[in-house]
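K.L.:
Just add 104 to the spot in the sequence shown (first one is 1) and you have the working numbering.
Each residue gets a CB set at the ideal place from its N, CA and C atoms; glycine is no exception.
Remember, it's a predicted structure, so these values are computed and weren't measured experimentally.
After the structure tokens below, expect a handful of questions from me.
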Amino acid sequence: MERINAMVNAEIGPLKHSVERLRRIPDLKKRALAANDLRSRASKRRHHDKGSRIHGSDTVRALARIPESLSSCTHLEIEKPQKRTKMSKRKPYQIVKTVVTQGFSFNRLRGWRQPVKTAMMLKNRTKKLQQWTDQQQQIDSFLDILRHEQVFYDHLGIKEDQQEYAHSLLDARSHYKTLRLRRVAHHFENNGTTSA
Numbered sequence: 105m106e107r108i109n110a111m112v113n114a115e116i117g118p119l120k121h122s123v124e125r126l127r128r129i130p131d132l133k134k135r136a137l138a139a140n141d142l143r144s145r146a147s148k149r150r151h152h153d154k155g156s157r158i159h160g161s162d163t164v165r166a167l168a169r170i171p172e173s174l175s176s177c178t179h180l181e182i183e184k185p186q187k188r189t190k191m192s193k194r195k196p197y198q199i200v201k202t203v204v205t206q207g208f209s210f211n212r213l214r215g216w217r218q219p220v221k222t223a224m225m226l227k228n229r230t231k232k233l234q235q236w237t238d239q240q241q242q243i244d245s246f247l248d249i250l251r252h253e254q255v256f257y258d259h260l261g262i263k264e265d266q267q268e269y270a271h272s273l274l275d276a277r278s279h280y281k282t283l284r285l286r287r288v289a290h291h292f293e294n295n296g297t298t299s300a
């Protein structure tokens with residue numbers, strides 16, 4: 105009988121272990137929340153529904169030194185830190201319209217750090233223009249090879265016209281050149297501004 109009373113009063117057994125575990129929690133609100141379910145973490149993970157909870161009795165709460173004012177605590181109120189705005193609203197005189205050498209324009213904020221969106225826009229545009237330039241240079245090298253072959257055939261007296269092969273390459277080169285210069289021409293036709 106003494107053993108049963110000791111177990112009920114949390115002097116021995118699982119309740120004693122639960123009380124010791126609760127006392128190790130320094131925050132009283134968190135301790136009161138933990139007293140709502142005395143099961144182990146593994147048991148909580150297996151059965152996480154409300155019906156499986158083992159609520160701590162008044163004796164357990166008293167031994168765990170949980171104040172009566174927190175006995176009805178069911179959730180922990182955490183103050184969420186307010187997020188700072190990424191970009192504050194600027195005044196009009198701080199916004200400068202900038203035209204880069206490639207011909208496209210964007211709004212630069214004078215005296216402020218350049219936004220990531222603007223930096224990525226410039227980076228992607230530069231990469232794309234470089235790709236078009238590389239393609240055009242590669243086509244120029246192919247045309248140069250065809251010119252040398254034509255000279256070689258003429259020197260041997262062979263009538264071989266290389267213009268058929270060069271026609272598609274010339275079309276591709278003019279296409280990439282148009283892509284590169286389209287922005288510049290379009291911008292200067294509309295705005296008539298000089299590049300920065």
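Check F210 in the structure and name its three-state DSSP category.
P.N.:
In the structure shown, F210 sits in a strand (DSSP, three-state: E or B).
K.L.:
Can you give me the Cβ contacts of M111 inside the same chain, cut-off strictly under 7 Å, excluding the 5 residues immediately before and after it?
P.N.:
Once the five neighbours on either side are set aside, the close Cβ partners of M111 are G117, L119.
K.L.:
Am I right that L142 and S156 are in contact with their C-beta atoms under 8 Å? What's the rounded C-beta distance?
P.N.:
With 8 Å as the limit, L142 and S156 do not qualify as a contact, their Cβ atoms being about 12 Å apart.
K.L.:
Pull up the distance between the alpha-carbon of R212 and that of L137, whole angstroms please.
P.N.:
52 Å
K.L.:
Spatial neighbours of P171 within its chain, please: C-beta separation below 7 Å, excluding the five flanking residues on both sides.
P.N.:
If we look at P171 and ignore the five residues flanking it on each side, its Cβ neighbours are L132.
K.L.:
What runs of the alpha helix (DSSP H), each 4 residues or longer, lie entirely inside the region 110-186?
P.N.:
118-127, 132-138, 145-150, 162-167
K.L.:
Taking just the CA atoms, how far does T205 sit from L247?
P.N.:
Rounded to the nearest angstrom, the gap between the Cα atoms of L247 and T205 is 28 Å.
K.L.:
With DSSP as the reference, label T205 as helix, strand or coil.
P.N.:
T205 falls in the coil class under three-state DSSP.
K.L.:
Is there contact between the region 252-272 and the region 223-233, where contact requires at least three CB pairs shorter than 8 Å?
P.N.:
No, because fewer than three Cβ pairs between the region 252-272 and the region 223-233 fall closer than 8 Å, the two stretches do not touch.
K.L.:
Hey, I243 and R188 are a contact pair by Cβ (cut 8 Å); roughly how many whole angstroms apart?
P.N.:
The Cβ separation is near 50 Å, so there is no contact.
K.L.:
According to DSSP, is I108 part of a helix, a strand, or is it coil?
P.N.:
helix
K.L.:
When the Cα of K339 is compared with those of L285, I158, H152, which residue comes out closest?
P.N.:
Outside the modelled stretch of the chain, which goes from 105 to 300, sits residue 339, for which no answer is possible.
K.L.:
Would you identify the three-state DSSP class for I249, choosing helix, strand or coil?
P.N.:
helix
K.L.:
Look at the Cβ atom of R67, then the Cβ atom of Q266, and state whether they are nearer than 9 Å.
P.N.:
This structure cannot settle anything about residue 67, because the visible part of the chain is limited to 105 through 300.
K.L.:
Per DSSP, what kind of secondary structure is I262 in: helix, strand or coil?
P.N.:
coil
K.L.:
Taking 9 Å as the threshold (C-beta atoms), are F210 and T222 in contact?
P.N.:
For T222 and F210, yes; Cβs fall inside 9 Å.
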